[in-house]
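Everything on this sheet refers to the single structure shown next.
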Amino acid sequence: MEYSEKVMDHFMNPRNVGEIEGASGIGTVGNAKCGDIMRVFLQIGEDGVIQDAKFKTFGCGAAVATSSMATELVKGKSIQEALEITNKTVMEALDGLPPVKIHCSCLAEEALHAALWDYAQKNSITIEGLTPPKEVHHDGNE
Ligand code: FES
681 MEYSEKVMDH
691 FMNPRNVGEI
701 EGASGIGTVG
711 NAKCGDIMRV
721 FLQIGEDGVI
731 QDAKFKTFGC
741 GAAVATSSMA
751 TELVKGKSIQ
761 EALEITNKTV
771 MEALDGLPPV
781 KIHCSCLAEE
791 ALHAALWDYA
801 QKNSITIEGL
811 TPPKEVHHDG
821 NE
């Protein structure tokens, strides 16, 4: 399996690892098949701009690299711009992932959306185009 230099870099030196205390939105998602879990914290200003993003990932190297890159990409973005960041955007920013690791990048997109969903719930707002996150299951059933 070949990883790009960028993937290796973000895996070895992940950006934005940690938690944000009193975060505006927190999203936790899991992949039922591999059991990996990812949590994203977002700090969103009153102007709707994402000021800070952090993550914790209990998962594989590709999951670490994609959450690192995804949190880098959303910083300074508006909510609508952040919604446009898909797993494909993250993968492209990392110069690609091996096919068997593509689902790991989906986790990053889902965690991001889940954090935005949490933010919308807390503030009783509707974010156009955002759908509720899937529940985290640990029993292997989707
Ligand atoms: Fe589970 Fe990568 S193997 S997220």
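Start counting the sequence shown at 681; every next residue gets the next number (the working numbering). All C-beta atoms, glycine included, are put in the ideal place defined by N, C-alpha and C.
Item	Value
ASN767: CB within 7 angstroms of a non-hydrogen atom of ligand 1	no
LEU774 to MET749 span [Cα, whole Å]	7 angstroms
Beta-carbon gap between ALA733 and ASN696 smaller than 8 angstroms	yes
Contacts around GLU752, its chain only, beta-carbon distance under 6 angstroms, and the 5 residues preceding and following it disregarded	ARG695
Cβ-Cβ separation, ALA742 to LEU777 (assumed contact under 8 angstroms), whole Å	6 angstroms
Nearest to GLY715 (by Cα), restricted to the options LEU810, ILE805, ALA795, HIS783	HIS783
Contact set for VAL687: own chain, Cβ-Cβ below 6 angstroms, skip 5 residues either direction	ALA745, LEU774
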